[in-house]
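Structure, as structure tokens:
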Amino acid sequence: MVLELWAQWGGLAGVGIMLAVAFAVLVYLLGSFLNNDRMRAFGRLEVVEAFYSAILLILIFWILATATGAAETLIVGAYPGEIGAAVCGSQYDAYFNDYDGAFPCHMRTARFYLDQLYAEGKVFNYELLSIHMWYSFMQNIGVSADFHAHSTGSANYSPLGSIFSLPSSIYSYMFEIGMKSMIVIRFQQFLLNFINYSLFPVLLVLGLLLRTFPFSRRLGGLLMAMAISLYFIYPMFYVLGGVIFDNIAMKSAYYSGGPTVDENGNIKRPSVITSLEFDPEEFYGKVGITDEDADLLPSGDEVPGNNQDDVNLDYLDQLYPEEMEMCRSSDLGVVDGISMIWDWAKLFLYEVDFTGLIISNESYIDSLISPGGVIDATARFVFFSMFFALLSIFSTVAAIRSLSPLLGGDIELAGLTHLL
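Going by numbering that gives the first Met the number 0, the first residue of the sequence shown is number 0, and it counts up by one from there.
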């Protein structure tokens, strides 16, 4: 991309520098004719500035080309599973619609990371919507009675409304958040394409031209700093996010045997956002989030005597002999019948779920709020869709402020840097 830009616009930048030199010579000659020392000093200074602009032009293109190659080497070595080499290679030219090398490796990797997020987001939000529809359907099952008398109306009763209202509302809200996150991801994809194909070359060439003339030098330096920072600094944090994202997927316990292949011959990878194979202990175990509930114990530990199955009925007979005998003689099997009905109710309420691949807990309440549940999965999706974008924005603004004075430009972006 950088070399193609040099081939297309390097000559125009050279013409601009020659015009700046001609302008400086004219000012110097006019100052000599008028015997004006300030004009002669200004002419000499502008010749030096034109020479500096020429050196700067060559250095910028050389540094950008070198940095792009170094970033490609780093990406190929850092990405797990040889993904970096594949994304930056010719086999992904059709994927990025890039057959002339106009999409550099670090831009490709940033786009690939966002594409992965978007693909997982589609599956995730489809699951959320499907589950919400099932819970909403169960919530709205009811009995309606219409009274035809003149002074009466109708009565409605939904026996399952209170049971399924909580998961239905939560899945609806999580679906809304997930769709908003997908919009943010799509915006970032378009922004990366726009930076690579339009914003970077226009800002860089325009900045080089404007910097050669004294009356627009500060603006030109600022535009050059913006172009360099947007082209290199901004996408590199997405590269970092992609490395972390793929390492989480490929270093999970379920990937230890290597990638698996589906029925179509495509490589299957564990999903980072939602997966039947997601292990909260592996993801959160080192920071202790899985033990945040004081009532929960680490896996394998038990509290003696805290299990209802361990209750000793003989001990109850000793404490309450009359009451226990009355229960045995008077229940006539009713207690057993109620117990069986309650067991069936629990089976329906707590064991039946419509969550597909999202939850990994038999209790649907735990599937909503516990690590590995739907709220946790949505939080992971929002984190990966926005956190690295914020890092990119702040780092890009900081890079612009640092580069702009070196290029002779303004240090402020019309007050934007103070706001940030």
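For every residue, glycine included, the Cβ atom is placed at its ideal position computed from N, Cα and C.
Per-residue DSSP class, three states only, for residue i
i	result
leucine 18	helix
aspartate 36	helix
proline 404	helix
serine 78	The amino acid occupying residue 78 in the given sequence is tyrosine; serine does not appear at that position. If DSSP states are grouped into helix, strand and coil, tyrosine 78 belongs with coil.
alanine 101	coil
asparagine 155	strand
isoleucine 337	Annotation note: pLDDT 49 at isoleucine 337 (below 50); position unreliable, coordinate value reported separately. The answer is helix: DSSP assigns isoleucine 337 an H, G or I state.
aspartate 92	helix
serine 394	helix
aspartate 409	coil
serine 369	coil
Beta-carbon proximity of residue i to residue j, cut-off 7 Å
i	j	result
isoleucine 194	alanine 398	no
leucine 389	methionine 223	no
asparagine 124	phenylalanine 186	no
leucine 127	tyrosine 196	no
phenylalanine 111	valine 75	no
valine 242	alanine 77	yes
leucine 159	isoleucine 176	no
serine 228	threonine 108	no
serine 168	glutamine 138	no
glutamate 81	cysteine 104	no
valine 381	serine 180	yes
serine 52	leucine 221	no
tyrosine 117	phenylalanine 163	no
Exposure label - residue i; buried when at least 16 CB within 10 Å
i	result
valine 373	buried
methionine 17	exposed
phenylalanine 244	buried
valine 201	exposed
arginine 216	buried
leucine 367	buried
aspartate 375	buried
valine 14	exposed
arginine 37	exposed
tyrosine 156	exposed
aspartate 330	Summary for aspartate 330: the model assigns pLDDT 45, below 50, so the residue's position carries little reliability; its value from the coordinates is reported in the next sentence. By the 10 Å Cβ count, aspartate 330 comes out exposed.
leucine 58	exposed
valine 26	buried
glycine 88	exposed
alanine 19	buried
methionine 235	buried
alanine 93	exposed
isoleucine 130	buried
glutamine 90	exposed
CB-CB length for residue i against residue j, believed under 8 Å
i	j	result
leucine 113	isoleucine 184	6 Å
alanine 49	threonine 211	6 Å
glycine 408	glycine 219	7 Å
serine 391	tyrosine 237	6 Å
alanine 23	glutamate 45	3 Å
methionine 106	leucine 208	Not really, about 24 Å apart at Cβ, beyond 8 Å.
tyrosine 230	phenylalanine 189	Contact doesn't hold; Cβ gap of about 16 Å is too wide.
methionine 421	proline 79	The question about residue 421 has no answer, for the chain in this structure spans 0 to 419.
Contained alpha helix (DSSP H) runs [length at least 4] in the region 182-253, N- to C-terminal order: 199-210, 216-227, 233-249
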